[in-house]
Each structure stands twice: as C-alpha cells, then as structure tokens.
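Residue numbers (my numbering): 19 to 179. Idealized CB from N, CA, C, for every residue including glycine. Input: a single structure, listed below in structure tokens.
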Amino acid sequence: MRNQSMNDGKFMRIAIMKAREGIRHGQAPFGACIVRKGKVLVSSHNAVFGHTDITAHAEINALHSACRKLGKIDLSDCVIYSTTEPCPMCFTACHWAKIPKVFYGTKIADAAKYGFSEWPISNRKMELLGKSKIRLVPGFMRKECLELFKEWTKRKGARAY
C-alpha cells in the first residue's frame, strides 16, 4: 500500500506541475493527470483563456487527450488526479468516461474563494444524487494544491472565470 501511496503522490505532483505550467501561460491554476495501469497516460492544465473555450478545464482537456490516445471513450481502467475538486461539468465527464477513481486536492469552495464562479455542488453530493460509482479521494496533497492559488494570484493579469 505504501508504494501505491508514493505513486499517487507522484501522479498528483505531475498534475501540480501541469497547473504551474498553465499559470506561467496565463491560465487558471488547475491541472490534471490521467493514469492507466500505473503509468501516466496524459496530463493537462486549464486552457480556458488560451483556447477561448470556457469548457477547456484541465480535466476535460486530459479526458479529450486520453480518449484520442486510446481510441475509445471508456476509461474504466484509468484514474484521474486533479489539483482541485472537479466542477460539475468535469465530474460528469469523468462519470461518462467511467473513470472509477478521482483524487483531488482542494475543494470547489476553495476555487470560489479565489473568485471562480463555481457552483457549490460537491462531487460527493453529485455522486450521491447521481448514484455514481466513482470513488473519491478528497483533500489529497491539499496543502500543495492550495499553493497553486497563491502562486496564481501573484501573477500579473491573473483572471478567474
């Protein structure tokens, strides 16, 4: 179990690294990493402003890339690591892709505190209401993921949506 926990930390650090890459490119402070069979399949950062696409969240970008790379939409043998709790759109996309497990660092409420217009609907609530089988691992490396918001606010021109 310890080895798996170490791997989980490695995969979340990749999501954090991608979020920092996005911040450097003027994007919002969110990153995601999709792992398949213990190996990184794809990682991505938020690209809402870069693509002029409000749906270009880190998780959505990673899901798009993973599906294209595998040539299928069923990602039931994958796990996603997200620096922030997926928004309702991203959680739903994970559900449709049959992602069985979602690790996330900060909460939707944390993003709202930094000016993001998040709906206050937690993944847990969506999981219960929709009877989703996604297993949630909340607060994973929370402190490190919270740092991303602080780094982002120090950037000139930081914008929320």
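What would DSSP say about residue i, mapped onto helix, strand or coil?
{"i": "H75", "result": "coil"}
{"i": "H113", "result": "helix"}
{"i": "C105", "result": "coil"}
{"i": "G68", "result": "helix"}
{"i": "H63", "result": "strand"}
{"i": "K149", "result": "coil"}
{"i": "R177", "result": "coil"}
{"i": "K55", "result": "coil"}
{"i": "L93", "result": "coil"}
{"i": "R38", "result": "helix"}
{"i": "G186", "result": "The question about residue 186 has no answer, for the chain in this structure spans 19 to 179."}
{"i": "I98", "result": "strand"}
{"i": "M19", "result": "In this predicted model, M19 has a pLDDT of only 48, less than 50, meaning its place in the structure is not dependable; the value taken from the coordinates is given anyway. Note: M19 maps to coil in three-state DSSP."}
{"i": "A50", "result": "strand"}
Do you know how far the Cα of residue j is from the Cα of residue i?
{"i": "G27", "j": "A84", "result": "20 Å"}
{"i": "E162", "j": "E77", "result": "18 Å"}
{"i": "L59", "j": "P138", "result": "30 Å"}
{"i": "G40", "j": "A33", "result": "11 Å"}
{"i": "A115", "j": "M107", "result": "12 Å"}
{"i": "E136", "j": "L88", "result": "31 Å"}
{"i": "H43", "j": "K36", "result": "11 Å"}
{"i": "F109", "j": "F48", "result": "14 Å"}
Nearest by alpha-carbon distance to residue i: which of the options is it?
{"i": "V155", "options": "H69, I32, R54, V97", "result": "V97"}
{"i": "S23", "options": "Y132, Y99, R142, T110", "result": "Y99"}
{"i": "V120", "options": "D92, G157, Y132", "result": "G157"}
{"i": "R142", "options": "F48, R86, P104", "result": "P104"}
{"i": "A129", "options": "L146, H113, A178", "result": "A178"}
{"i": "K131", "options": "K168, K55, L81, F67", "result": "K168"}
{"i": "F134", "options": "A176, A111, K90, H113", "result": "A176"}
{"i": "T70", "options": "G56, A46, N25", "result": "A46"}
Assuming residue i is part of the alpha helix (DSSP H), what are its boundary residues?
{"i": "R173", "result": "Taken as a continuous stretch (DSSP letters only), R173 belongs to no alpha helix (DSSP H), as it is neither H nor E."}
Can you tell me where the beta strand (DSSP E) with residue i in it begins and where it stops?
{"i": "K119", "result": "119-124"}
Q: Could you tell me whether the region 141-153 touches the region 55-75, where touching means 3 or more Cβ pairs closer than 8 Å?
A: no
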